[in-house]
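For reference, the structure discussed in these notes is given below.
Protein chains in written order, with our numbering: chain H, 1 to 100; chain P, 101 to 283.
What follows is the structure, given as structure tokens:
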């Protein structure tokens, strides 16, 4: 027998049946894995979108600046002892009296 | 099977026709399997490499499907087999720091050899070759591809492919002559 004759070698059909079954099983797993990773990516995207949409509103709803107290940037306002002053965090500061 | 017929089957498979993909596999699997099997020497590993290639082909986006699916598959299989052989070669080199010597099997002329014995003897002889030469020899001499096809499968120039086949043939002739097989 010459080496070239090996070209016509055939594998038993039973082996091919096993091969095809394994191929289709792997295909099914691959598709399921892909579907799950797409679902996970979509969930992360949605979560990011929701937090992006809601967080700024929550932030702006906070009483960060009260209208009834002046801020440092209010025009013609020079803080003196005992004045109340709102700062960006929403806290109202009262400048304490200094006893000498 | 012509390349355009196989490309048609792949196109149909990408549209969800599983029967078309099955036909494509059935039309190409035998030659590809033996190519990979002769390169890596293990049936289970050859199956795995072949399945990887088919799954990769099936997962390609429909518009980027190759014009010649069999050539694409062969190239993918050969590349994966070469990667495997190079990894094995590195491991073997690190483990033994020695050379792989060809050990001739006792007796046996080619006329009295069956396919299995010839495959086994050939595998022992092929395992002494560097991966690239082994792949070139299998594709050209055993599978009977022409040099442009061998070069394209190995992603080398035609002259490099010729040179690799020549080198492999020279080394194998020595090894196989001991077994009475004409390469």
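Idealized CB from N, CA, C, for every residue including glycine. As the structure is a prediction and not an experimental result, all values here were calculated from the model.
Quick one: what's got a C-beta closer than 6 Å to residue i's C-beta in the same chain, skipping five residues either side?
| i | result |
| --- | --- |
| residue 222 (chain P) | none |
| residue 233 (chain P) | 264, 267, 268 |
So residue i and residue j are supposed to be a Cβ contact under 8 Å. How far apart are they, rounded?
| i | j | result |
| --- | --- | --- |
| residue 33 (chain H) | residue 130 (chain P) | Not quite, the Cβ-Cβ distance comes to about 29 Å (not below 8 Å), so this is no contact. |
| residue 107 (chain P) | residue 165 (chain P) | 7 Å |
Apart from the five residues just before and just after residue i, which ones in its own chain have a Cβ nearer than 7 Å to its Cβ?
| i | result |
| --- | --- |
| residue 132 (chain P) | 150, 173, 174, 177 |
| residue 143 (chain P) | 137 |
| residue 257 (chain P) | 251 |
| residue 155 (chain P) | none |
Check the Cβ of residue i against every Cβ in chain P and list those closer than 9 Å, keeping chain order.
| i | result |
| --- | --- |
| residue 102 (chain H) | Nothing about residue 102 (chain H) can be reported from this structure: the residues present for chain H run from 1 to 100 only. |
Would you tell me roughly how many angstroms separate the C-alpha atoms of residue i and residue j, rounded to the nearest one?
| i | j | result |
| --- | --- | --- |
| residue 284 (chain P) | residue 272 (chain P) | Here chain P has residues from 101 to 283 only, and residue 284 (chain P) is not among them. |
| residue 115 (chain P) | residue 127 (chain P) | 19 Å |
| residue 183 (chain P) | residue 146 (chain P) | 13 Å |
| residue 5 (chain H) | residue 35 (chain H) | 46 Å |
| residue 262 (chain P) | residue 237 (chain P) | 9 Å |
| residue 119 (chain P) | residue 13 (chain H) | 18 Å |
| residue 259 (chain P) | residue 270 (chain P) | 16 Å |
| residue 112 (chain P) | residue 163 (chain P) | 12 Å |
| residue 250 (chain P) | residue 276 (chain P) | 23 Å |
Taking Cβ-Cβ distances shorter than 7 Å, what residues in chain H pair up with residue i?
| i | result |
| --- | --- |
| residue 134 (chain P) | 9 |
| residue 154 (chain P) | 23 |
Short of 8 Å in beta carbon distance, which residues of its chain neighbour residue i, apart from the five on each side in sequence? Order them along the chain.
| i | result |
| --- | --- |
| residue 253 (chain P) | 171, 174, 175, 178, 235, 239, 245 |
| residue 16 (chain H) | none |
| residue 255 (chain P) | 175, 179 |
Using the beta-carbon of each residue, which ones in chain P are nearer than 8 Å to residue i?
| i | result |
| --- | --- |
| residue 22 (chain H) | 147, 151 |
List, in order along the chain, the chain H residues whose C-beta lies closer than 8 Å to that of residue i?
| i | result |
| --- | --- |
| residue 158 (chain P) | 27 |
For a contact meaning CB atoms closer than 9 Å, what does residue i contact in chain H?
| i | result |
| --- | --- |
| residue 129 (chain P) | 11, 16, 19, 20 |
Task: Validate contact between the segment 239 to 252 of chain P and the segment 131 to 146 of chain P using beta carbons, cut 8 Å, 3 pairs - done: yes
Task: Cβ contact check for the segment 37 to 46 of chain H and the segment 155 to 174 of chain P: 3 or more pairs under 8 Å - done: no
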